[in-house]
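Colleague: Mind looking over this structure? Questions follow.
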Amino acid sequence: MSMRNYVIVPLVALLAMGCGGTGDSAESEGTPAAAADATSDLTPFQLEHGIGPITSPMTLAALDPALAATGQGVFNEKCSACHKMDVRYVGPALGGVTTLRSPAFIMNMILNPQEMYERHPVTKELLAQYMSFMANQNLTQDEARAVLEYLRTQASP
Numbered sequence: 149m150s151m152r153n154y155v156i157v158p159l160v161a162l163l164a165m166g167c168g169g170t171g172d173s174a175e176s177e178g179t180p181a182a183a184a185d186a187t188s189d190l191t192p193f194q195l196e197h198g199i200g201p202i203t204s205p206m207t208l209a210a211l212d213p214a215l216a217a218t219g220q221g222v223f224n225e226k227c228s229a230c231h232k233m234d235v236r237y238v239g240p241a242l243g244g245v246t247t248l249r250s251p252a253f254i255m256n257m258i259l260n261p262q263e264m265y266e267r268h269p270v271t272k273e274l275l276a277q278y279m280s281f282m283a284n285q286n287l288t289q290d291e292a293r294a295v296l297e298y299l300r301t302q303a304s305p
């Protein structure tokens with residue numbers, strides 16, 4: 149083995165270790181558990197449900213068509229410039245978001261996007277992927293809840 153190989157082999161091994169990942173699909177989906185950082189100052193609730201005014205898990209009743217219709221109107225007015233249901237646009241496709249994130253997480257993202265981007269590991273990953281911040285549309289909790297209801301109608305069965 150030449151002297152050159154003594155330098156290159158360890159260097160390649162170090163690079164391979166540094167670039168490695170688990171390849172776990174949950175990690176690539178940006179789930180809170182996969183994104184949790186050992187140095188995070190977030191509580192387990194915040195890691196799962198986000199940071200914002202919704203501070204306890206939400207239990208959703210049967211789908212409310214009237215609330216969903218209201219939410220569709222809010223979505224069309226405030227969200228559709230950046231989000232589509234089935235394709236990546238400025239932001240992620242939202243058609244299946246209710247199967248990926250908890251209702252409280254979705255509400256907190258709608259109501260508190262700035263702090264979510266600053267502190268939450270999942271939204272930091274989304275920012276790195278989409279290279280665009282979600283604008284705070286200053287929705288009320290009732291409007292955000294209506295949008296959540298509309299998003300529930302868009303989830304694939």
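Letter by letter, the sequence shown follows residues 149 to 305 in our numbering.
Note that CB positions come from ideal geometry on N, CA and C, so glycine has one too.
Figure out for me which residue from T247, A292 and T301 has the closest Cα to the Cα of C227.
Modeller: Against the sequence shown, residue 227 aligns to sequence position 79. Ranked by Cα distance from C227, the options T247, A292 and T301 are led by A292.
Colleague: If I measure Cβ to Cβ from L211 and keep anything under 8 Å in the same chain, skipping five residues before and after, which residues do I get?
Modeller: As a working mapping, residue 211 is identified with position 63 in the sequence shown. Hits under 8 Å: E297, R300 and T301.
Colleague: If you check the beta carbons only, do V235 and S280 fall under 9 Å apart?
Modeller: Taking the first residue of the sequence shown as 1, we reach residue 235 at position 87. Taking the first residue of the sequence shown as 1, we reach residue 280 at position 132. Cβ atoms of V235 and S280: not closer than 9 Å.
Colleague: Sort T218, I202 and L190 by Cα distance to F253 and report the nearest one.
Modeller: To locate residue 253, count along the sequence shown from 1; it is residue 105. The shortest Cα separation from F253 among T218, I202 and L190 belongs to I202.
Colleague: Give the DSSP-derived three-state secondary structure of T207 in the structure shown.
Modeller: For the purposes of this step, residue 207 is taken as residue 59 along the sequence shown, with counting starting at 1. DSSP places T207 in coil when its eight states are reduced to three.
Colleague: Alpha carbon to alpha carbon, how far is M222 from M255?
Modeller: Position 74 of the sequence shown, counted from the start, is the residue given in the question as residue 222. Position 107 of the sequence shown, counted from the start, is the residue given in the question as residue 255. Before going further, note that residue 222 is Val rather than Met in the sequence given. Each residue's Cα considered, the two are about 14 Å apart.
Colleague: Pull up the CB-CB distance for T246 and M257, whole angstroms please, since I reckon it's below 8 Å.
Modeller: Working through the sequence shown from its first residue, we reach residue 246 at position 98. Working through the sequence shown from its first residue, we reach residue 257 at position 109. Their Cβ separation, rounded to whole angstroms, is 12 Å, which puts T246 and M257 out of contact at 8 Å.
Colleague: Answer yes or no: do L274 and P240 have a C-beta to C-beta separation smaller than 9 Å?
Modeller: Position 126 of the sequence shown, counting from 1, holds the residue named residue 274. Position 92 of the sequence shown, counting from 1, holds the residue named residue 240. In contact: L274 and P240 (Cβ atoms closer than 9 Å).
Colleague: With DSSP as the reference, label F193 as helix, strand or coil.
Modeller: Start at 1 with the first residue of the sequence shown, and residue 193 comes out as number 45. Three-state DSSP puts F193 in a helix.
Colleague: At the level of alpha carbons, what is the spacing between P180 and L195?
Modeller: Counted from its first residue, the sequence shown places residue 180 at position 32. Counted from its first residue, the sequence shown places residue 195 at position 47. Only weak support exists for where P180 lies, its pLDDT of 41 falling under 50; the coordinates are left without a value.
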